[in-house]
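J.: Those protein sequence lines, which keep their order, are chains A and B.
Quick note on numbering: the first sequence equals residues 1 to 89 in this note's numbering.
Quick note on numbering: the second sequence equals residues 1 to 355 in this note's numbering.
Note that the Cβ used here is the ideal one computed from N, Cα and C, for glycine as well.
Nothing here was measured: the structure is a model prediction, and the numbers come from that model.
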Amino acid sequence: MSTVDDYVARIEGTCGEEKDIIVVFKYDQKDEAIKRILAKAQLRNTIAGIIMELTFQDVSFRVYTSGKAIFRSIKTKEELYKLLASLLL
Amino acid sequence: MHTLSLEATDMYETARERIAKFINAKDSAEIIFVRSTTEAINLVAYSWGLRNLKRGDELLVSLMEHHSNIVPWEIISKINGFTIKYAKVNPDGTLNYEDFENKFSSKTKIACLSHVSNVSGVINNVKRIAKVAHEHDALMLVDGAQSVPHMPIDVRDLDADFLAFSGHKMLGPTGIGVLYAKKTLLEKMDPFQGGGEMIKEVSFSGAKEQCDISLNDPPWKFEAGTPNICGAIALSEAVKYLQRIGMDQVQGHECFLTNYAIKRMQECSKVTLHGPTDTALKCGIIPFSVQGLSSHDVALFCDNYGIMIRSGFHCAQPLHQVFKLQSSARASFYIYNTREEIDRFIEVLKEIEKL
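(1) Using only the alpha-carbon positions, how far apart do Ile352(B) and Val63(A) sit?
(2) Helix, strand or coil: which one does DSSP assign to Lys324(B)?
(3) Going by the CB atoms, is the gap between Glu223(B) and Glu201(B) shorter than 8 Å?
(4) Please report the distance separating the alpha-carbon of Asn216(B) from that of Leu163(B).
(5) Could you tell me whether any non-hydrogen atom of the ligand COA is closer than 7 Å to the CB of Thr94(B)?
(6) Taking Ala164(B) as part of the beta strand (DSSP E), name the residues at either end of that continuous run.
(7) Closest by CA to Ala15(B), which one among Leu281(B), Ile229(B), Asp212(B), Pro91(B)?
(8) Just checking, does the stretch 88–95 of chain B make contact with the stretch 157–173 of chain B on the three C-beta pairs under 8 Å criterion?
(9) From Ala160(B) to Ile213(B), what distance separates their C-alpha atoms?
(10) Residues of chain B with CB under 7 Å from Thr65(A), in chain order?
(11) Here's the rule I'm using: 16 or more other beta-carbon atoms within 10 Å means buried, otherwise exposed. How should Met140(B) be labelled?
(12) State the beta-bridge partners of Pro287(B) as determined by DSSP.
(13) Just the C-alpha distance for Gly167(B) and Asp143(B), rounded to the nearest angstrom, thanks.
(14) Comparing C-alpha positions only, which one of Lys107(B), Ala87(B), Ser105(B), Thr108(B) sits nearest to Glu98(B)?
(15) Which complete beta strand (DSSP E) runs does the stretch 1–42 of chain A hold, if anything under 3 residues is left out?
(16) Quick one: using the 10 Å Cβ neighbour count with 16 as the cut-off for buried, is Ser47(B) buried or exposed?
(17) To the nearest angstrom, how far is it from the Cα of Thr37(B) to the Cα of Arg36(A)?
(18) Please report whether the beta-carbon of Ile74(A) lies at a distance below 8 Å from any beta-carbon of chain B.
(19) Taking only beta-carbon positions, decide if Gln326(B) is within less than 8 Å of chain A.
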């Protein structure tokens with residue numbers, strides 16, 4: 001059975017007042033991860049062909065075609081893991 | 001006594017001599033190899049600071065410092081109880097010299113200042129501060145992480161007592177850095193770590209049931225254990241390469257790129273530059289924000305185009321508080337960057353402005 005860690009290489013809490021969380025997908029799994037996210041989340045906007053603005057379970061986030069995603073309103077890693085599990089699995 | 005080990009030692013010590021000449025140190029014994037600028041400052045904090053900074057003493061530092069020139073001092077001030085005084089930074093990011101100089105007193109034991117801010121690129125007149133420090137019988141520590149790679153440095157002219165810098169910011173590998181310190185200070189300082197190489201003798205006295213230790217001379221007194229031989233030699237090769245180009249040329253190229261980038265970035269209506277824009281006052285570092293976007297979004301967007309910039313606090317949160325910024329994006333240049341790369345960066349910035 002697959003897990004979030006099958007898709008996620010690293011989760012980085014950023015410095016700065018914004019407290020953004022950046023999810024870096026595994027290089028060889030990034031296309032599959034993005035495909036799965038797009039199948040479940042609502043695509044609100046695509047910018048310059050490289051940024052996808054999405055909403056899922058009232059959480060807005062951005063996915064970059066380079067295989068990274070930036071989450072804003074998530075408070076804890078547990079909350080993020082739960083959301084990623086819903087998106088990816 | 002193995003031939004290969006002797007060759008390695010010879011190359012390691014030759015590296016030390018080259019680096020000493022690069023910054024015009026009087027003696028190669030004034031060059032201590034460490035892991036990084038951070039470790040160099042920690043070495044001074046623990047080897048010199050723990051013994052010399054006591055309750056009632058004062059240490060001066062500026063609000064534009066990298067955390068590595070704040071945190072070690074804060075940690076040992078909690079142990080020894082001395083006071084840290086923070087000198088102000090002007091709203092444009094330049095050092096408030098008047099405030100810094102006014103904070104000196106007979107209690108001041110050391111002033112710690114970055115030569116170049118890693119956020120704004122502002123060049124500080126450390127020679128001026130060193131002169132005031134010495135008039136107060138205080139020492140001067142210079143964080144040279146952002147200056148040694150980018151401009152000619154003469155420690156004797158600056159009259160710095162300590163100068164710290166890293167290899168990876170000057171074409172060398174990660175994991176190697178340098179602490180320069182005046183030999184007279186090193187001779188009096190305690191070792192930073194204990195182990196092999198930093199001792200002359202460890203003799204066990206059966207009668208006393210203890211070991212008598214005699215310390216090695218500087219610089220080896222401060223290099224416990226097997227050193228990063230490869231790192232030091234590689235850094236020396238990087239220095240040789242930079243010397244061939246000439247540090248005046250390095251500085252000139254970066255000044256040209258910075259001027260050009262500032263001019264082009266000012267074309268972008270949603271981009272705000274932070275800190276001074278006069279390259280007489282700064283090095284090739286440009287902090288900026290894009291209206292309506294977090295610095296991390298800007299960095300991720302640039303990353304998609306293969307452009308590496310940094311985002312966040314850049315390990316200098318107090319300076320962001322001065323600038324009243326939640327975070328910033330930072331473009332920076334070195335000798336390998338070109339005008340064409342800046343043009344590409346501007347194209348990407350203009351795309352970002354459309355977000």
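T.: This is what the structure holds:
(1) 15 Å
(2) coil
(3) no
(4) 22 Å
(5) Absent from the structure shown: the ligand COA. Ligands present: none.
(6) 162–166
(7) Ile229(B)
(8) no
(9) 31 Å
(10) Asn304
(11) buried
(12) Arg330(B)
(13) 13 Å
(14) Ala87(B)
(15) 8–13, 21–25
(16) buried
(17) 44 Å
(18) no
(19) yes
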